[in-house]
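Taking it in order: structure first as structure tokens, then the write-up.
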Amino acid sequence: MNGAPDQTARRQGMLLALAAAGAYGTNIVSAQIAGQAGLSGPLLVFYRVFVMLALVAGAVLIWRSSLAVPRRERRTLVVFGISSALVGMAYLSSVAFVPVTVAAVVFFTYPVLIVLAEPFVTGIPFRPERLAAACVAFLGVAMVVGPDWHGLDPRGLLLALVASFAAATQFFSAAALPGTPLSARLFWSHLLILPVAAAILAITGGFLPPSAFALAPIAAAVTIGGYLLGFLCQLLASTRISPGAAGLAFCAEPVCAVLIAAVVLGERLGPLQYAGCALVAAVLVINVTVEQMRRAPAPA
């Protein structure tokens with residue numbers, strides 16, 4: 001039975017997912033600014049994971065939060081941590097072989113993958129309208145990003161596709177941790193992510209001390225803060241809405257990034273990009289409305 005509390009939780013979950021998408025979108029723009037100042041992507045990834053782990057550890061010590069994980073959810077938490085690490089590793093590596101726009105379009109196939117896999121993974125009945133919404137949203141994302149398909153390297157396409165599958169796995173595994181406290185999910189997942197981030201940084205050879213953030217202090221702070229806020233909101237949303245609904249909400253991420261880049265960096269958008277933004281926004285509004293109507297409590 002779907003009651004008012006359930007409705008409220010789902011509404012909160014959708015808002016949290018959209019907030020996470022917006023935070024990640026902001027993160028993309030600030031990372032670009034930091035990169036132009038000499039702070040590499042792998043360096044930012046390493047420090048943002050390190051900061052998250054340090055903050056969570058501090059919070060656990062201060063508030064004596066539990067890091068216990070139910071035995072039945074331990075494997076799922078490991079899957080969540082590994083998939084989270086793979087998302088960053090594969091996506092970051094793909095742009096070394098293909099343009100960022102191409103990597104973004106391939107990567108954002110993951111909402112479609114989530115909708116297709118949801119009936120098999122979670123048992124939620126297949127909903128054709130949700131698949132249609134995911135496909136239309138993907139089209140909007142492709143219009144917004146406007147990829148250049150010339151001179152593609154199969155390695156880059158494969159890495160972006162791996163990142164897409166890892167993102168879908170991340171959403172499913174995050175939703176399958178209802179008994180694990182938020183502090184434990186944050187701590188153990190980032191304890192798994194940190195060695196991967198350190199390995200990437202070692203391979204790229206771009207390690208710099210924290211003092212290097214003086215090159216672009218505001219951009220670095222926004223990049224790290226955007227990740228912290230985005231990851232936190234993503235986990236909070238995962239306990240309130242289904243992976244399919246959350247995945248659709250995250251189609252707002254590239255739209256936010258493009259619009260913020262237009263305002264902050266002065267990048268000019270073409271009519272096709274504006275149309276793509278409008279298309280994604282329309283899909284999100286319709287999807288939220290349909291979700292609320294479908295789950296509204298029946299009158300007594």
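Each step along the sequence shown adds one to the number in the numbering used here, with nothing skipped, and position 5 is 5.
For each residue, glycine too, the CB sits at the ideal point set by N, CA and C.
(message) Need the endpoints of the alpha helix (DSSP H) that residue 61 sits in, please.
(response) 41-63
(message) Considering just the uninterrupted stretch of the alpha helix (DSSP H) at residue 90, what are its terminal residues?
(response) 74-94
(message) If we require 4 or more residues per run, which alpha helix (DSSP H) segments fall completely within the region 166-212?
(response) 182-204
(request) Within 10 angstroms of the Cβ of residue 190, are there 16 or more other Cβ atoms? Answer buried if so, exposed if not. (result) buried
(message) Using the Cβ count rule (16 or more neighbours within 10 Å means buried), how would you classify residue 102?
(response) buried
(message) Once the 5 residues before and after residue 149 are set aside, which same chain residues still bring their CB inside 8 Å of it?
(response) 102
(request) Say whether the region 179-188 touches the region 263-271, bearing in mind that this needs 3 or more beta-carbon pairs closer than 8 Å, one atom from each stretch. (result) no
(message) What does the alpha-carbon distance come out to for the pair residue 288 and residue 227?
(response) 24 Å
(request) Return helix, strand or coil for residue 23, following the three-state DSSP convention. (result) helix
(request) List the whole-angstrom C-beta distance separating residue 166 from residue 87, where the pair is believed to meet the contact cut-off of C-beta under 8 Å. (result) 5 Å
(request) Less than 8 Å between the CB atoms is what I'm expecting for residue 20 and residue 237, so what's the real figure, rounded? (result) 6 Å
(request) Take every Cβ of the region 45-60, pair it with every Cβ of the region 239-255, and state whether three or more of those distances are shorter than 8 Å. (result) no
(request) Excluding the 5 residues preceding and the 5 following residue 106 in the sequence, name in chain order all residues of the same chain whose CB lies nearer than 7 Å to its CB. (result) 157, 160, 161 and 164
(message) Taking the alpha-carbon of residue 49 as reference, which of 9, 200 and 256 has the nearest alpha-carbon?
(response) 200
(request) For residue 136, I'd like the list of residues in its chain whose CB is within less than 6 Å of its CB, leaving aside the five on either flank, ordered along the chain. (result) 283
(request) Look at residue 144 and residue 276 and say whether their C-beta atoms are less than 9 Å apart. (result) yes
(request) List the whole-angstrom C-beta distance separating residue 243 from residue 114, where the pair is believed to meet the contact cut-off of C-beta under 8 Å. (result) 5 Å
(message) residue 251 and residue 140 - do their beta-carbons sit closer together than 9 Å?
(response) yes
(request) Give the single residue among 129, 67 and 58 whose Cα lies nearest to the Cα of residue 290. (result) 129
(message) Checking 9 Å against the spacing of the C-beta atoms, do residue 219 and residue 17 come in under that value?
(response) no
(message) Quick check on this structure: which residue in 230, 239 and 47 has the alpha carbon closest to the alpha carbon of residue 256?
(response) 230
(message) With a threshold of 6 Å on Cβ separation, who are the neighbours of residue 298 within its own chain once the five nearest residues in sequence on each side are excluded?
(response) In this prediction, residue 298 scores a pLDDT of 41, lower than 50, which makes its location untrustworthy; no coordinate-derived value is stated.
(message) For residue 202 and residue 39, what's the separation of their Cα atoms in angstroms?
(response) 15 Å
(message) If I follow the unbroken alpha helix (DSSP H) through residue 223, where does it start and stop?
(response) 217-238
(request) Give, in chain order, every unbroken run of the beta strand (DSSP E) that is at least 3 residues long and sits entirely within the region 236-290. (result) none
(message) Please classify residue 221 as buried or exposed, where buried requires at least 16 other C-beta atoms within 10 Å of its C-beta.
(response) exposed
(request) Can you have a look at residue 1 and say buried or exposed, based on whether 16 or more other CB atoms are within 10 angstroms of its CB? (result) Because residue 1 sits at a pLDDT of 39, beneath the cut-off of 50, its placement in the model cannot be relied upon, and the following sentence gives the value as read from the coordinates. Residue 1 comes out exposed.
(message) When you compare the CB positions of residue 172 and residue 117, do they come within less than 9 Å of one another, or not?
(response) yes
(message) Tell me the residue span of the alpha helix (DSSP H) that contains residue 115.
(response) 110-121
(request) Give the single residue among 272, 108 and 241 whose Cα lies nearest to the Cα of residue 6. (result) 241
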